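Visitor:
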Amino acid sequence: MDSNDISFLDNVLDIVKAERTDDVPLIRFKHPKELEEILDLDISKGVDDVQLDKCVKQILEYSVKTHKPTFKNQLYGGTDPYGLSGAWIAEAFNTSQYTFEVAPVFTLIEIKILKHVLYLFGIPDGDGIFSPGGSISMFYGLVAARYKAFPEVKRKGIRNLPELVIFTSEDSHYSIQKAAHWLGFGTDNVMRIKTNECGQILINELEIAIQKEQAKGKHPLFINATAGTTVLGAIDDLNAIADVCQKYKIWLHVDACWGGSLILSETYRQKLSGVERADSMSWNPHKMAGAPLQCSIFLVREKNLLHEANSASAQYLFQQDKFYDVNYDTGDKSVQCGRKIDAFKLWMMWKARGDSGLDQLANQTMAVAELCLEIIKNREGFKLVNERLQCPNVCFWYIPKFMRGKNVDEKWWDLVHKITPKIKELLTLSSRLMIAYTPLRHYKNFFRLAFTFHPIANEQQIVEMLNDIEECGEMVTPNML
Ligand SMILES: Cc1ncc(COP(=O)(O)O)c(C=O)c1O
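Residue numbers for the sequence shown follow this note's numbering, beginning at 301 and rising by one.
(1) Under 8 Å: do the region 558-570 and the region 681-698 share three or more Cβ pairs, one atom per stretch?
(2) Count the C-beta pairs between the region 637-644 and the region 563-579 that are closer than 8 Å, then say yes if the count reaches three, no if not.
(3) Does any heavy atom of ligand 1 sit closer than 7 Å to the C-beta of GLY428?
(4) Leaving out five residues before and five after SER613 in sequence, what residues of the same chain have Cβ atoms less than 7 Å from its Cβ?
(5) Evaluate MET648 with the Cβ neighbour count: other Cβ atoms within 10 Å of its Cβ, from every protein chain shown; 16 or more gives buried, anything less gives exposed.
(6) Count the C-beta pairs between the region 702-710 and the region 616-627 that are closer than 8 Å, then say yes if the count reaches three, no if not.
(7) Kindly confirm or deny that the region 594-607 and the region 432-446 touch, where touching means at least three C-beta pairs closer than 8 Å.
(8) From SER469 to LYS494, what distance separates their C-alpha atoms?
(9) Quick check: GLY528 and ALA556, are their CB atoms within less than 8 Å of each other?
(10) Give me the DSSP bridge partner(s) of LEU599.
(11) Below 8 Å between beta carbons: does that hold for MET780 and VAL364?
(12) Quick check on the burial criterion: 16 or more other C-beta atoms within 10 angstroms. Buried or exposed for PRO742?
(13) In chain order, what residues of the same chain have a beta carbon less than 8 Å from the beta carbon of ILE756, not counting five sequence neighbours either side?
(14) Excluding the five sequence neighbours on either side, which residues of its own chain have a C-beta within less than 8 Å of the C-beta of GLY428, listed in chain order?
(15) Any heavy atom of ligand 1 inside 7 Å of the beta-carbon of TRP558?
(16) In whole angstroms, give me the CA-to-CA distance for PRO520 and GLU452.
(17) Quick check on HIS754: does DSSP put it in helix, strand or coil?
(18) Leaving out the 5 sequence neighbours to the left and right, which residues in its chain are closer than 7 Å to LYS357 when beta-carbon positions are compared?
(19) Kindly examine ligand 1 and report whether one of its heavy atoms sits closer than 7 Å to the Cβ of THR366.
(20) Do you know offhand how far VAL696's Cα is from VAL347's?
(21) Measuring from the CB of HIS481, is there a heavy atom of ligand 1 at a distance below 7 Å?
(22) Within the region 605-644, note down every full alpha helix (DSSP H) run reaching 4 residues or more, in order along the chain.
(23) Distance check for PHE485 and ARG459, CA to CA, integer angstroms please.
(24) With HIS586 as the anchor, note down where its alpha helix (DSSP H) starts and where it stops.
(25) Should GLU410 go down as buried or exposed, given a rule of 16 or more other Cβ atoms within 10 Å for buried?
Spelled out as structure tokens, the structure:
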């Protein structure tokens, strides 16, 4: 096939469509060695299109169908079909987002989307950039905060800086640990502050920790508030944290990677009250809102900071004597050189649905989660970790019949801890449901159902999921553990 012939894509579209029919199972799970035996992954000899077609079919046959309502393994689900179309176009056009000359329209699209998103989050005069994920957005936040406090860091490095400390909740995402390591803060300088039962950071503990670090001569630089923790979906009290940041002159970053999608809902956006006081924040439309992976936005209040902190002014790419307005060469704000046109996927979704279409999807998602919570609350054998819904996360244990009515002591909980992953295994192997489980703080392994915009689950599907959990839960016997 020559490089102008894209006819194989027609085959691919047919294969993908066939893999999306209802009768296709969620997963045909095989262990790695078994899968290696089944698949022909060797690349040393080329194959013709007919054989390649077969290979693709086989690969998809054993891949997880993340668009199904029974895929509840992660904080993302199916993609928005308009976003998916945008993603295909983006790949077909193979555009990099650094300069206006190679990405004229996509540059304007990124600017447009960022403006709209900044306005929605209440930071209308700010700036932003699409990044390759929430973890990288966390890096952006830390770099911006450190550059703002110590601009000389860009040239001189970190050697002469005071010891900088970062504060975050014990339930926050682990990317802050990685960023602390990579950026030279050191993970010992990440203070993980205790949370309340709902998973929100304890403000008094936060203040005590700040004072303690100050007393040691350290420099509190950055507080990471979370709007939608990974497991419980907790939204920190952003206004209270903003007050603390103001009092101690500390940078406020809000990790809204998960919960940020609630900004799309007129009804639920007040849950994010205080986000407009952030110095920086991140939102992953690729999670709840269903933009195709990856689609993550980093926003910053101060207009030129991203450019000042990150620019390297490469002469071969960002020449200042170009024939057009070089202010539209936005790539030097990024830590990347080549950068995918992720904004376009989101733009496609937004253009098709408008604010009101996304508002509706956000509301439906929350309504489904509320319904699920209510059903679980009243269903025998199920026990909620927390009854308060913040984001569309519903966390619970299934207690098999043989465990019910027994003395609930440490041994009992240890058994629950082992039962949960066993149920997950049975659900996965039978392709009924892929669901997340985790321990958290003192809580033993429990399930997390996190609802997303695509597909919107209905009551029957929720009941079926719970029936499946119950059925697999009742298959578990003590000698299996
Ligand atoms: C709250 C939160 N922040 C950040 C991230 C990291 O996002 P990404 O997977 O895009 O790096 C996650 C991922 O689950 C998350 O839950």
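Cβ coordinates follow ideal geometry from the N, Cα and C atoms, glycine included.
Since this is a predicted model, take the numbers as computed values, not measurements.
Guide: Per the coordinate set shown:
(1) yes
(2) no
(3) For the purposes of this step, residue 428 is taken as residue 128 along the sequence shown, with counting starting at 1. No.
(4) The residue labelled residue 613 in the question sits at position 313 within the sequence shown. So the qualifying residues of the chain are ASP632.
(5) Taking the first residue of the sequence shown as 1, we reach residue 648 at position 348. With 16 or more Cβ atoms within 10 Å of its Cβ, MET648 is classed as buried.
(6) no
(7) yes
(8) On the sequence shown, position 169 is the one that residue 469 refers to. On the sequence shown, position 194 is the one that residue 494 refers to. About 6 Å.
(9) Here residue 528 corresponds to residue number 228 of the sequence shown, with the count starting at 1. Here residue 556 corresponds to residue number 256 of the sequence shown, with the count starting at 1. Taking 8 Å as the Cβ cut-off, GLY528 and ALA556 qualify as a contacting pair.
(10) Looking up residue 599 in the sequence shown gives position 299. Answer is GLY428 and MET581, bridged to LEU599.
(11) Counting from one through the sequence shown, the residue named residue 780 turns up at place 480. Counting from one through the sequence shown, the residue named residue 364 turns up at place 64. It is not a contact, given that the beta carbons lie outside the stated cut-off.
(12) As a position in the sequence shown, residue 742 is number 442, starting the count at 1. Note that residue 742 is His in the sequence shown, not Pro. It counts as exposed.
(13) Here residue 756 refers to the residue found at position 456 of the sequence shown. Closer than 8 Å at Cβ, skipping near neighbours: LEU661, GLN664, THR665 and VAL668.
(14) For the purposes of this step, residue 428 is taken as the residue at position 128 of the sequence shown. Answer for GLY428: LEU414, VAL417, LEU418, ILE597, PHE598, LEU599, VAL600 and LEU606, listed in chain order.
(15) To locate residue 558, count along the sequence shown from 1; it is residue 258. Within the cutoff, so yes.
(16) The count along the sequence shown starts at 1 and reaches residue 520 at position 220. The count along the sequence shown starts at 1 and reaches residue 452 at position 152. If you take the alpha carbons of PRO520 and GLU452, they lie about 18 Å apart.
(17) As a position in the sequence shown, residue 754 is number 454, starting the count at 1. Three-state result, HIS754: coil.
(18) To locate residue 357, count along the sequence shown from 1; it is residue 57. Around LYS357: ILE315.
(19) Along the sequence shown, one-based indexing puts residue 366 at 66. No, the Cβ of THR366 stays beyond 7 Å of every heavy atom of ligand 1.
(20) By one-based count along the sequence shown, residue 696 stands at place 396. By one-based count along the sequence shown, residue 347 stands at place 47. With the sequence shown as reference, residue 696 is identified as Phe, and Val is not the correct amino acid for it. Rounded to the nearest angstrom, the two C-alpha atoms are 49 Å apart.
(21) Walking along the sequence shown from the start, residue 481 turns up at place 181. Checking every heavy atom of ligand 1 against the Cβ of HIS481, none is found closer than 7 Å.
(22) 605-610
(23) Position 159 of the sequence shown, counted from the first residue, corresponds to residue 459. Position 185 of the sequence shown, counted from the first residue, corresponds to residue 485. Their Cα atoms are separated by approximately 11 Å.
(24) Here residue 586 refers to the residue found at position 286 when the sequence shown is read from its first residue. Careful: HIS586 lies outside any alpha helix (DSSP H) and carries neither H nor E.
(25) Your numbering for residue 410 matches position 110 in the sequence shown. Buried is the call here.
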